[in-house]
Structure formats: C-alpha cells, structure tokens
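For the protein sequence lines, the chains are A and B, in the order given.
Positions in the first sequence are counted from 1; adding 10 to them yields my numbering.
Positions in the second sequence are counted from 1; adding 38 to them yields my numbering.
Built from N, CA and C at the ideal position, the CB exists for glycine as well.
For clarity, every value in this text was computed on a predicted model and none was experimentally measured.
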Amino acid sequence: MSNYLAEEIFGSDILMEPTRKGFGEGLLEAGKNDSEIVALSADLAESTQVEPFAKEFPDRFVEMGVAEQNLVTVASGMAAIGKKPFVTSYASFSPGRNWEQIRTTICLNDRPVKVVGCHSGVSVGPDGATHQMLEDIALMRALPNMIVVVPADSLEAKKATEELAKIDKPSYLRLTREKTAVFTSENSEFKIGKAEVLKEGDDMTIVACGPLVYEALKAARELNNIGKSVEVINCHTIKPIDSKTIIKTAKKTGLVFTLEEAQTTAGLGGAVSELLSEHQPTKIIRLGVRDRFGQSGTISELWKEYQLDSASVVKSVTEVIKV
Amino acid sequence: MIHSDKELELIANHIREDIIKMLVEAGSGHTAGPLGMADIFTALYFEVLRHQPHNPEWPERDRVVLSNGHINPVLYATMARAGYFEIDELKTLRKFGTRLQGHPERLRLPGLETTSGPLGSGISQASGMALALRMNQEKQQRVWCLTSDGEHQEGNTWEAIMFAGKNKLSNLTVIVDRNNIQIDGMTEDVMPLEPFAMKYQSFNWHVIEINGHDFDDIVSAMNQSKAIFEKPTCIIAHTIPGKGVDFMEFDFRWHGIPPGSKDISGDPPKDRQAKVALEKLRTMNGKIRSEHE
C-alpha cells in the first residue's frame, strides 16, 4: 500500500468526515497565508463550510444571497482587481445554473476564481435528485483553462484547497455532504494533476475519484481474497488528467475500471476513455451513474442502488472477468 | 471641460465614420447601437475617464466594463481615437488573427477590462471590481459599466443591481443605453422595462436621466455620479439608435447588421448604404453642404 494512505484504513473506528469540512479548514489556512483570498457564499455559508473563514475574516467574506449567476460574475470582477475568490454553493446551482457565466467571465477571461461545488453526487441523500449534482464534472472539464479537482476525503480536500489557493487559474473543487472515511495520510503531499497509485496490482486497475476511492480500495481487498490483484488509482485531478500514470497502468494491467459518483458520460469515465482510446486502447468499464438522476435515500441505500459501493464494484468486476 | 462641445462633437463624428467603415470592412456586426453610443463613449474616454491610453495597465486607472459586448465597434473606435492603438487596426475587426474580436476579448487587446458578449453579466463584474477596490481602500478609481436597455431582461442583471444597492457601491457608475430597440423589435413590445428609472431607484440606486447626445448633459451626469455617496449611480442615457445616419435612426432593423449586407425597405440599396451613411455623417445629414459641394 502507498504511503499516501493512512496506516490502518480498514478498521471500524476509521474517522468519518465530509470533504466539505476539509475545504473549510483549508480555506481558513489559505486565508491566513494570503490576504488577497476572499470567499463568497450564496446563502449557504454554514453547509458549504465557508463559515470559519467568514468568522475569522469578516471583511473578506461576501454574502451574495440566493444568486448564483451574480456569485461567479462578481467574483470574476473581484479577481480583475487582484483578489483570489473562492465561490461556494451547491454544485447543482454552481456550476449547474451559472455555467455560461463561468465559461465567459472566468475561463475565457482566465480569472483565478475557484468555484467550489458542495453536495455533489447521490450521497447528498434525502434531498433527492434536484440537489444531487451528477453532471458537474462533465460541465467543468469541457471548459478550456479550467482545472477540475475531486478530493477523496476531508484531508485531501483541505490540501487541495490550499494548493488551489496558490495557483492563478480558474478551478473547480467538487465536494460532498455526507461523512465518509478519512483514509489518506496527514503527511502525504498533494499535487494538482498527479494521480496517486494507492495500491499496486497486475490483473486490473480501478481508477476512482472522490470518496469512492475508499470503496475501490475495499473492493480491491476483497478481490485479492479470490486471487485477483487490483491496482487502485486515486485520480483526484480530472483536468489536467495524469496521462502518464493512467497510460502506464493500462499498459501494465490491460483492464481498467473507472469509478465515480457522477454521470460517467464525460465524467472521470469519459476522461479516462478518451485518453486511453487515443494512446493505449484498453478495455474500459465505466462504473458510476449511467444516464439516470438520483433520488432520496441514505448514502448506503443510494450507493447500493447506483452500484457504487465496494460490494457492487466487486460484483461488476467479477461479472466482467467471469470468475 | 477639457474639450469644447464642438471638439467633442467632431471626435464623436470621426468615431461614427470609423464605425461605418469598420463594419463595411468586416461584413458583419451591429450598427445602430454603436452609432447611438458614440457621444457617450467620446465623453467618457475624452473628458471623464482616469486612464493612460499608452499605458493601459496603469494600476491607478478607472475600469471600463462594456457589458453589451456587441456594440464593441464604438469601443474599439473610441480606444483607437484615444490612442490605445493605431486607427488603421480598426480595419481588422472580426478578421482572423485580429485583436479586435467580434465580441471583446480581454486577453487579446490591452485596455479591455473584460470579455463580454453574452448579456447580463457586466454589472456583476463591475460590482465585483468596485467592491474589491473598496476593500483595497482605493478612493480615486471608479468603475464605469456600459450596458444596454435590452439586457435588463436578463435575471443576472437584476441580481447585480440588488447587490450593488445593498453594498452601497458609490464608486460604480452604470450607464444604460436607453435606445428602446432590440433585435426582435422595440423593448416595450418585446419585454417592457418601464417604469425603468423607478426600478433602479427602488433597488437603492441614484438615478440620473439624460439626453445621450448632449455633451453638457453627459459630462455633468458622469461628474455628478462621482460626487454621490452611499449609493451606486445609474445614468439612463436616452439615445437614438443609428444616430447620425438619418435612415438608420430609430430603426430596430439596423440593430444587428452592417451597412451593405441587405436591402431594407425605404433605405438606400445595399451597395450604396455605406456611402450614403458616410455622406450623412460628414454633412450632418445634409446640414453642412458647403464643404462637399
């Protein structure tokens, strides 16, 4: 196992935190280091975890009200004067509602605004389909100049936030609502654009992003019990994608699964398929949400329904390799 | 005033001629809006704005945000006349490799503060700039946002107006081109905006209504906006679309096309439109005859 991971990751006492919490901590840290950082909220300061920053730096926090189009365009204007804005809302609304404004005033303008989309994926739970954003990766990775990062746990979200704060590029940070396992190590270095091989293997690869990376690791452990050696890669940066690491693993194992809590169309699955079909044609099976909307339920019910949890991954894999 | 009314009028007329020539050369683009805004742009760039055309990145400059990017021929022509770049470059409008893109693109041309075209997001960006300048305790620099009346049909515009009112962005002046036309017809038929001034007032803005072709009116409103505290200012500039070319004036059919692109009933045939338009501008619609006879 890679030293990117915590020492013991499969214990029942593993720490559970939502990735948005790590974002809130990272933003506070970044704000202490750089006085140009400002945060904007569209009436969701507490649940997007921007609140610690707002309390520490009230003069650098801007309450926008329920107005996501104005949220990103005001941020673009602030960036024009030299500010480094983080704009926060639920992913369904930002970047769901304000895509054109992000395209024109942030990406085409090349302004270093960080769009932070909380409550992505079906794991949002009871709120149902309207609030479970599944198309945001597709929307954001299609945009020139945009960086797309999907942290796997709260710790990684904290590091990703601090790293994004240092770069002068438009970026999208995808976050989740529910508590999920914190399995990466405190000391490991987070590099934008670098996919991490968490576990080496020979028979197949699972390339995952977000909290489902943990499900991929659990699935790999189970598959190991039936004699299958699985390589697991945490592809936290979907754009720019780490083509070197992904082509290398495809060459090595010859069978690639992708796993994401998003539409596989133009999501991580799309990105990996595009890359490998051009450079290293490989059989790819895209696990994720397949052309459906979400619905109300608990995280475990929904991950099962959409075949995202480790048991579903094991099932999908064994069907493909016909064990 | 630095310039006399006569001098400003002369500059504006040169800008109008540039606009006609650029559009003919480009073969596409918008005509009525740019002609109607030539006086406002002249007043802003030659009389009011804090800027250094040869040093467009001057940190102390005022910021100009053109929200309705499609009227950029007037912006480009004004910038060229003010010394940002050679007038000859205006010929490249909308051509491959040009810095003068069909809609303004910040990264292509120094002196542009933003990229625009999709309507409704200029006041937001200008508000963000005004807020950030205030955070930096900049007292001198202002943000000037030029918008159209039609783009007040966009929801984003009203989000921005609400935001600027809430934050009392007194370093922001919005100038609305109230020319009453849009592509599909008259604004009041397509989607009424009236009572327009009252809408801004009810969002806690200071509102000044002016004749957008009277330089005293324009300059005095712009200067007044600098003196208003506690509120952003909206200058509603009543303008004549197509101003300066009588057969284009007040005619929404000239909103989105260049001279020479098609025959329009009642107007000169398409192959003579540009020539007649330039004659009209040079003779003030036939009022000045001696120079041309």
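Chain B contact for residue i (CB, 8 Å cutoff)
i: A:T178; result: Note on residue identity: the sequence assigns Asp, not Thr, to residue 178 of chain A. By this cut-off, A:D178 is not an interface position.
i: A:D53; result: no
i: A:T215; result: no
i: A:K93; result: yes
i: A:E110; result: yes
i: A:Y224; result: no
i: A:G87; result: yes
i: A:A77; result: yes
i: A:D44; result: no
i: A:A90; result: yes
i: A:L118; result: yes
i: A:M150; result: no
i: A:M74; result: yes
i: A:T275; result: no
i: A:V84; result: yes
i: A:R107; result: no
Candidates the options: closest to residue i by CA position
i: A:G106; options: A:V82, A:P62 and A:L285; result: A:V82
i: B:G160; options: A:K325, A:Q79, A:I257 and A:G131; result: A:Q79
i: A:E166; options: A:N43, A:L144, A:A191 and A:V324; result: A:A191
i: B:V314; options: B:M286, B:A202 and B:L46; result: B:M286
i: B:A198; options: A:E18, A:V123 and A:V76; result: A:V76
i: A:V299; options: A:E206, A:L153 and A:L222; result: A:L222
i: B:I57; options: B:L319, B:K325, B:I326 and B:N323; result: B:L319
i: B:T211; options: B:G304, B:D222, B:L184 and B:G71; result: B:L184
i: B:N209; options: B:K269, B:M322 and B:G298; result: B:K269
i: B:Y83; options: B:G65, B:V102 and B:G67; result: B:V102
i: B:Q178; options: B:P307, B:D100 and B:S42; result: B:D100
i: B:K204; options: B:D215, B:N242 and B:N218; result: B:N242
i: B:G67; options: B:H108, B:V283 and B:E85; result: B:H108
i: A:C117; options: A:I216, A:T255, A:P180 and A:R302; result: A:P180
Beta bridge counterpart(s) of residue i as assigned by DSSP
i: B:R216; result: B:H276
i: A:P95; result: A:V48
i: A:K249; result: A:V158
i: A:Q273; result: A:V299
i: A:F267; result: A:I216 and A:I295
i: A:V72; result: A:L50
Coil, strand or helix - residue i by DSSP
i: A:K31; result: helix
i: A:Y182; result: strand
i: A:A77; result: coil
i: A:Y14; result: coil
i: B:K325; result: coil
i: B:M60; result: helix
i: B:K308; result: helix
i: A:N244; result: strand
i: A:H289; result: helix
i: B:H244; result: strand
i: A:C128; result: strand
i: B:Q262; result: helix
i: B:R101; result: strand
i: A:T215; result: strand
i: B:L48; result: helix
i: A:K209; result: strand
i: B:W96; result: coil
i: B:T185; result: strand
Test: residue i CB closer than 8 Å to a CB of chain A
i: B:Q163; result: yes
i: B:F201; result: yes
i: B:D43; result: no
i: B:P142; result: no
i: B:T153; result: yes
i: B:G166; result: yes
i: B:E197; result: yes
i: B:G359; result: As displayed, chain B neither begins before 39 nor continues past 331, which places residue 359 of chain B out of reach and without an answer.
i: B:P94; result: no
i: B:S263; result: no
i: B:G193; result: yes
i: B:S159; result: yes
i: B:L169; result: yes
Does the segment 157-176 of chain B touch the segment 85-96 of chain A, meaning 3 or more C-beta pairs lie closer than 8 Å?
They touch, by the three-pair rule.
Indicate whether the contact test is met: 3 or more Cβ pairs, each with one atom in the segment 48-57 of chain A and one in the segment 240-249 of chain A, closer than 8 Å.
The segment 48-57 of chain A vs the segment 240-249 of chain A: no contact.
The segment 43-59 of chain B contacting the segment 227-239 of chain B, beta-carbon criterion three pairs below 8 Å
These segments do not touch.
Measuring CB atoms only, is the segment 274-294 of chain B touching the segment 248-262 of chain B, in the sense that at least three cross pairs come out at less than 8 Å?
In this structure the segment 274-294 of chain B lies against the segment 248-262 of chain B, because at least three pairs of beta carbons, one per stretch, are closer than 8 Å.
Given 8 Å as the limit, is there contact between the segment 268-282 of chain A and the segment 139-158 of chain A, that is, 3 or more CB pairs closer than that?
Segment contact: the segment 268-282 of chain A against the segment 139-158 of chain A, three or more CB-CB distances shorter than 8 Å; contact assigned.
Can you confirm whether the segment 315-327 of chain A touches the segment 225-234 of chain A when touching is taken to mean that 3 or more C-beta pairs between the two stretches lie within less than 8 Å?
The segment 225-234 of chain A, when compared against the segment 315-327 of chain A, does touch it at the 8 Å Cβ threshold.
contact_flag[the segment 205-216 of chain A, the segment 233-241 of chain A] where n(CB pairs < 8 Å) is 3 or more:
Verdict: yes, contact present.
State whether the segment 20-37 of chain A contacts the segment 160-177 of chain A, with contact taken as three or more CB pairs (one from each stretch) at a distance under 8 Å.
Yes: the two stretches touch, three or more of their Cβ pairs being nearer than 8 Å.
Specify whether the segment 108-122 of chain A and the segment 56-69 of chain A touch according to this definition: at least 3 beta carbon pairs, one from each stretch, less than 8 Å apart.
No: the two stretches stay apart, fewer than three of their Cβ pairs being nearer than 8 Å.
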